[in-house]
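One line per chain: the protein sequences are E and V, in this order.
Okay, so the first sequence: first residue is 2 according to this note's numbering, each after it adds one.
Okay, so the second sequence: first residue is 878 according to this note's numbering, each after it adds one.
Note that CB positions come from ideal geometry on N, CA and C, so glycine has one too.
Please read these numbers as outputs of a predicted model, since none were measured by experiment.
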Amino acid sequence: DTEVTQTPKHLVMGMTNKKSLKCEQHMGHRAMYWYKQKAKKPPELMFVYSYEKLSINESVPSRFSPECPNSSLLNLHLHALQPEDSALYLCASSLWTGNTEAFFGQGTRLTVV
Amino acid sequence: SQQGEEDPQALSIQEGENATMNCSYKTSINNLQWYRQNSGRGLVHLILIRSNEREKHSGRLRVTLDTSKKSSSLLITASRAADTASYFCATDADRDDKIIFGKGTRLHILP
Numbered sequence: 002d003t004e005v006t007q008t009p010k011h012l013v014m015g016m017t018n019k020k021s022l023k024c025e026q027h028m029g030h031r032a033m034y035w036y037k038q039k040a041k042k043p044p045e046l047m048f049v050y051s052y053e054k055l056s057i058n059e060s061v062p063s064r065f066s067p068e069c070p071n072s073s074l075l076n077l078h079l080h081a082l083q084p085e086d087s088a089l090y091l092c093a094s095s096l097w098t099g100n101t102e103a104f105f106g107q108g109t110r111l112t113v114v
Numbered sequence: 878s879q880q881g882e883e884d885p886q887a888l889s890i891q892e893g894e895n896a897t898m899n900c901s902y903k904t905s906i907n908n909l910q911w912y913r914q915n916s917g918r919g920l921v922h923l924i925l926i927r928s929n930e931r932e933k934h935s936g937r938l939r940v941t942l943d944t945s946k947k948s949s950s951l952l953i954t955a956s957r958a959a960d961t962a963s964y965f966c967a968t969d970a971d972r973d974d975k976i977i978f979g980k981g982t983r984l985h986i987l988p
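Listed below in structure tokens is the structure:
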């Protein structure tokens with residue numbers, strides 16, 4: 002199984018809603034990542050987890066809250082988002098950080114209204 | 878920033894021709910990866926080249942790495958319509974947990 006599975010595929014939420022994005026992998030990878038991608042732009046790194054510990058937060062606003070409940074799961078909790086947060090949110094995993102290829106999920110297309 | 882810069886930003890070629898995309902970066906790296914992305918969905922990993930490697934092949938793909946110039950190139954030979962996509966390089970700096978993407982090249986294969 003070389004898949005990273007993200008749910009949901011699409012999400013529309015109001016600015017007062019709380020929602021969560023989910024990411025799952027069963028490749029035994031110990032590094033997991035969240036990226037945000039706007040149209041016609043490259044993915045921008047948000048968070049990195051290494052061995053279930055948050056190792057990098059790229060100065061992401063607190064309305065985005067990551068969580069790694071176990072080595073296979075990564076969540077991104079969303080609260081009080083703004084319309085400019087509308088984007089494709091991509092999850093990735095790699096065997097460990099540094100020096101290994103990363104596998105990406107298909108992303109969650111988020112629209113904030 | 879270690880972010881890569883691809884050029885060209887956009888490339889249109891005839892089916893069957895070769896496509897070359899370049900990537901430059903700023904800091905020392907452990908490895909450099911190339912990804913393909915179709916229609917704003919997930920990224921597909923194409924190839925990884927380590928900092929001590931100079932060239933790598935995978936099917937119709939050829940990647941080179943010149944660490945002295947901090948640059949890499951991706952060559953797609955005998956292009957097909959299905960190769961139409963955006964291509965990104967991504968770098969993984971030494972002693973850093975980040976994978977940072979370049980701006981990407983949008984490749985369009987004309988029938």
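Please tell me whether residue 929/V has its Cβ less than 9 Å away from any Cβ of chain E.
If you number the second sequence from 1, residue 929/V lands on position 52. Not one chain E Cβ lies under 9 Å of residue 929/V.
Against chain V, with Cβ distances strictly below 9 Å, would residue 26/E count as a contact?
Reading the first sequence from its first residue, position 25 is the one you call residue 26/E. No, residue 26/E does not count as interfacial toward chain V.
May I have the straight-line CA-CA distance separating residue 936/V from residue 978/V, to the nearest angstrom?
Counting from 1 along the second sequence, the entry for residue 936/V is found at position 59. Counting from 1 along the second sequence, the entry for residue 978/V is found at position 101. For residue 936/V and residue 978/V, the gap between their C-alpha atoms comes out near 23 Å.
Specify the secondary structure class of residue 959/V as computed by DSSP and reduced to three states.
The count along the second sequence starts at 1 and reaches residue 959/V at position 82. Residue 959/V: helix per DSSP, three-state reduction.
Counting along the chain, where does the beta strand (DSSP E) carrying residue 39/E start and finish?
Here the question's residue 39/E lines up with position 38 in the first sequence. Neither: residue 39/E is in no beta strand (DSSP E) and is coded neither H nor E.
Pick out whichever of 40/E, 36/E, 86/E has its Cα sitting closest to the Cα of residue 76/E.
Here residue 76/E is taken as the residue at index 75 of the first sequence, counted from 1. If we check each option's Cα against that of residue 76/E, 36/E comes out closest.
From the DSSP output, in three-state form, read off residue 84/E for me.
As a working note, residue 84/E is residue 83 in the first sequence. Of the three classes helix, strand and coil, the one that applies to residue 84/E here is helix, per DSSP.
If we count the other Cβ atoms within 10 Å of its Cβ and call it buried at 16 or more, is residue 13/E buried or exposed?
Your numbering for residue 13/E matches position 12 in the first sequence. Counting Cβ neighbours within 10 Å, residue 13/E comes out exposed, since fewer than 16 surround it.
For the segment 925-939 of chain V against the segment 903-910 of chain V, are there 3 or more C-beta pairs whose distance is under 8 Å?
yes
How long is the line joining the alpha carbons of residue 894/V and residue 948/V, rounded to whole angstroms?
Within the second sequence, numbered from 1, the residue matching residue 894/V stands at position 17. Within the second sequence, numbered from 1, the residue matching residue 948/V stands at position 71. About 23 Å.
I'd like the list of long-range same chain contacts for residue 71/E, defined as Cβ closer than 8 Å, with 5 residues on each side in sequence excluded.
What you label residue 71/E is simply residue 70 of the first sequence in a count that begins at 1. The answer, listed in chain order, is 53.
Is there a Cβ of chain V sitting closer than 9 Å to that of residue 9/E, yes or no?
Reading the first sequence from its first residue, position 8 is the one you call residue 9/E. At a cut-off of 9 Å, the C-beta of residue 9/E has no neighbouring C-beta in chain V.
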